[in-house]
Amino acid sequence: MDSIKGIKGVKDILPEETPRWRLIEDTARRWALCYGYQEIRIPLFELTALFARSIGSATDIVEKEMYTFPDRDGTSLTLRPEGTAGTVRAFIEHNRAADPLPQKYFYIGPMFRHERPQAGRLRQFHQFGVESFGTSDPRADIEVIALLWRLLSDLALPDLTLEINSLGSSEDRAAYKPLLRSFLLQQESRFCENCRRRMDTNPLRVLDCKVPDCRAATESAPRLMDHLSPEARVHFDQVLSGLCALDVPYQLNPRLVRGLDYYCLTSFEITSSHLGAQNAVGAGGRYDGLVETLGGPSVPAVGFAVGLERISLMLQKTSTALRDECLYYVAAFGEAGVKCGLVLLDELRKAGLSAQCDYRSSSLKSHLRQADRSKCRFAILLGDDEVARGTVILRNLESKAQEALPLSGLASLLRARTFSA
RNA sequence: GUGGGUGUAGCUCAGUUGGUUAGAGCGCCGGAUUGUGGAUCCGGAGGUCGCGGGUUCGAAACCCGUCAUCCACCCCA
Numbered sequence: 001m002d003s004i005k006g007i008k009g010v011k012d013i014l015p016e017e018t019p020r021w022r023l024i025e026d027t028a029r030r031w032a033l034c035y036g037y038q039e040i041r042i043p044l045f046e047l048t049a050l051f052a053r054s055i056g057s058a059t060d061i062v063e064k065e066m067y068t069f070p071d072r073d074g075t076s077l078t079l080r081p082e083g084t085a086g087t088v089r090a091f092i093e094h095n096r097a098a099d100p101l102p103q104k105y106f107y108i109g110p111m112f113r114h115e116r117p118q119a120g121r122l123r124q125f126h127q128f129g130v131e132s133f134g135t136s137d138p139r140a141d142i143e144v145i146a147l148l149w150r151l152l153s154d155l156a157l158p159d160l161t162l163e164i165n166s167l168g169s170s171e172d173r174a175a176y177k178p179l180l181r182s183f184l185l186q187q188e189s190r191f192c193e194n195c196r197r198r199m200d201t202n203p204l205r206v207l208d209c210k211v212p213d214c215r216a217a218t219e220s221a222p223r224l225m226d227h228l229s230p231e232a233r234v235h236f237d238q239v240l241s242g243l244c245a246l247d248v249p250y251q252l253n254p255r256l257v258r259g260l261d262y263y264c265l266t267s268f269e270i271t272s273s274h275l276g277a278q279n280a281v282g283a284g285g286r287y288d289g290l291v292e293t294l295g296g297p298s299v300p301a302v303g304f305a306v307g308l309e310r311i312s313l314m315l316q317k318t319s320t321a322l323r324d325e326c327l328y329y330v331a332a333f334g335e336a337g338v339k340c341g342l343v344l345l346d347e348l349r350k351a352g353l354s355a356q357c358d359y360r361s362s363s364l365k366s367h368l369r370q371a372d373r374s375k376c377r378f379a380i381l382l383g384d385d386e387v388a389r390g391t392v393i394l395r396n397l398e399s400k401a402q403e404a405l406p407l408s409g410l411a412s413l414l415r416a417r418t419f420s421a
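Numbering of the first sequence is given in our numbering, commencing with residue 1 and proceeding in unit increments.
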């Protein structure tokens, strides 16, 4: 009989790795709460139309990467490829804009995109993201960038670079695109096939091409940054000076263009040189028009998302192995010992002390071998002799020091020791 | 969707120009006078050589196909 395998690009996170994942998730939650963001839990799937409208129907995500399927009545549903669309939908649906307080949310959970798996890229992957609604002030941009920077720094991820750019307003881009396009057309022969196609569909992306010849060809291209409206320019300058004031180091990258349609003004990305080809750890930007696009009021917004797998990959290299520890191993053997051991295990656990036992082991020797492997700090030896005396032997597995303790009331005695130390 | 690499024990991998019972290390289970773990020594379990076809007296090895996986492109977190 053939065994059933997992789905391509959908990975199990095994017990060896979950402590690392909890560290990442706990750190993210802590920083988000510290900055006044509140957790929101949104569905894993939504109407397909939501993503098509928010992300942009001409983007790669919508065109070829979504897990889309018909509901039983035929309506098209899609597994969420990112978290912003659903968060904005919930924001509108529950009329949160009517609440006068700043609306700041974070989410954490799995996302789904049908891509070829690669280092740092899976079909089910995990993101932590924040969305700050209602504030057009550049300090909101600074805040989310600082939050992202502090979070990643706290995890001590190596060689991070924050790159930042301004995409201007949609009017700025509309005015800039013809300039760029005519520049590109003048030297069309220098570009790769991909870029020639992009000149029509999305000329901004040509700036982002990794082919060295293409990069060289766009070296002297007109810069969007030089064609910003005065308002956009001021906004951008204030973001940059704010980052300076907070000592968040950044690098201007005029080529930085995001792949989702809804971004405007501030756009940023944090990369690491330790990640292989997919070097972006997290990215985000401002999306002032999105709430309105999805049928809500005109509400400015800014946010980011980070890839948890990519953080995990880097953490694997830098930090020592984490593991979940168990305190006591109960080595119960012999006819009477086994009976008492069953009860003792339960009492320890009821007292909040982690305890385990290998029920297969029948000799003290094999128990101690298991205790050693389990990495418990103590073994409690309980054989027929101890039962007869009404005691147990508490053995420190590291120092090998042993002491006899009374069996009755043992759990509360150990509890008192554990929590007073 | 495109390109390349890799599929042999639970894990990491050997396996000669095709040659007979397919190996090692680690891990696992047991033992070394029966109540004391890690070290050492000894023993044991565990493999449709990814799958299907072909070439051959003979295939883990060569050929074709297929699947899986990894890396890269595209693009993204």
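All residues carry an ideal CB built from backbone N, CA and C; glycine is no exception.
When the five nearest sequence neighbours on each side are left out, the beta carbons in the same chain lying within less than 6 Å of the beta carbon of Met66 are those of Thr78, Pro81, in order along the chain. Counting only runs of at least 4 residues, the region 213-301 fully encloses the following alpha helix (DSSP H) elements, listed from N- to C-terminal order: 230-245, 290-293.
About 5 Å separates the CB atoms of Gly120 and Arg310; that is less than 8 Å, so the two are in contact. For His126, the enclosing beta strand (DSSP E) begins and ends at 124-133. Contact annotation: Val206 and Leu180 have beta-carbon atoms nearer than 9 Å.
A contact is defined here as three or more CB-CB pairs under 8 Å, and the region 367-385 meets this definition with respect to the region 324-338.
Here Leu382 is near Leu344, since their CB atoms are less than 9 Å apart.
The Cβ neighbour count for Phe333, taken over all protein chains shown within 10 Å, is at least 16; the residue is labelled buried. A residue is called buried once 16 or more other Cβ atoms fall within 10 Å of its Cβ, and Pro300 is buried on that count.
The DSSP-derived three-state label of Ile108 is strand. One alpha carbon belongs to Thr135, the other to Pro102, and they sit about 8 Å apart. Here DSSP, grouped into helix, strand and coil, assigns Val211 to coil.
Classified as buried, His235 has 16 or more neighbouring CB atoms from the shown chains inside 10 Å of its CB. The beta carbon of Ile13 lies closer than 8 Å to those of Trp21 in the same chain, with the five residues before and after it left out. DSSP, reduced to helix, strand and coil, places Glu39 within a strand of the structure shown.
A Cβ-Cβ contact shorter than 9 Å links Thr59 with Leu260. Listed in chain order, the alpha helix (DSSP H) elements of length 4 or more contained wholly in the region 129-163 are 138-154. Thr266 sits away from Ser132, with the two beta carbons spaced by 9 Å or more.
Here Phe91 carries a helix assignment [DSSP, helix/strand/coil]. Per DSSP, Ser354 lies in no alpha helix (DSSP H) and is assigned neither H nor E. Leu23: member of the alpha helix (DSSP H) spanning 18-34, first to last residue. By the criterion of a C-beta distance shorter than 7 Å, Ile92 is surrounded in its chain by Val291, Leu294, Gly295, Gly296, once the five residues flanking it on both sides are discounted.
Ala28 counts as buried, since no fewer than 16 other beta carbons sit within 10 angstroms of its beta carbon. Looking from the CA of Ala217, the closest CA among Cys195, Leu224, Ala175 belongs to Cys195.
Under the DSSP assignment, Phe378 falls in the beta strand (DSSP E) whose first and last residues are 378-382. In the DSSP assignment, Gln402 falls outside any alpha helix (DSSP H) and within the unbroken beta strand (DSSP E) covering 402-406. As a beta-bridge residue in DSSP terms, Asn165 pairs with Ser267. Restricting attention to Leu33, Leu394, Ser420, Gly285, the CA atom closest to the CA of Leu410 is found in Leu394. Assignment of Arg349 by DSSP, reduced to helix, strand and coil, places it in the helix class.
Straight through space, the alpha carbons of Thr318 and Leu23 are spaced by roughly 14 Å. Where Tyr176 is concerned, the enclosing alpha helix (DSSP H) starts and stops at 170-186. For Ala331, the enclosing beta strand (DSSP E) covers residues 328-332. For Arg96, no alpha helix (DSSP H) encloses it, and the DSSP letter there is neither H nor E. A contact between stretches requires three or more CB pairs, one per stretch, nearer than 8 Å, and the region 238-252 meets this requirement with the region 157-164.
Rounded to the nearest whole angstrom, the C-alpha separation of Cys214 and Leu160 is 25 Å. In the three-state DSSP reduction, Thr59 falls in the coil class, being neither helix nor strand.
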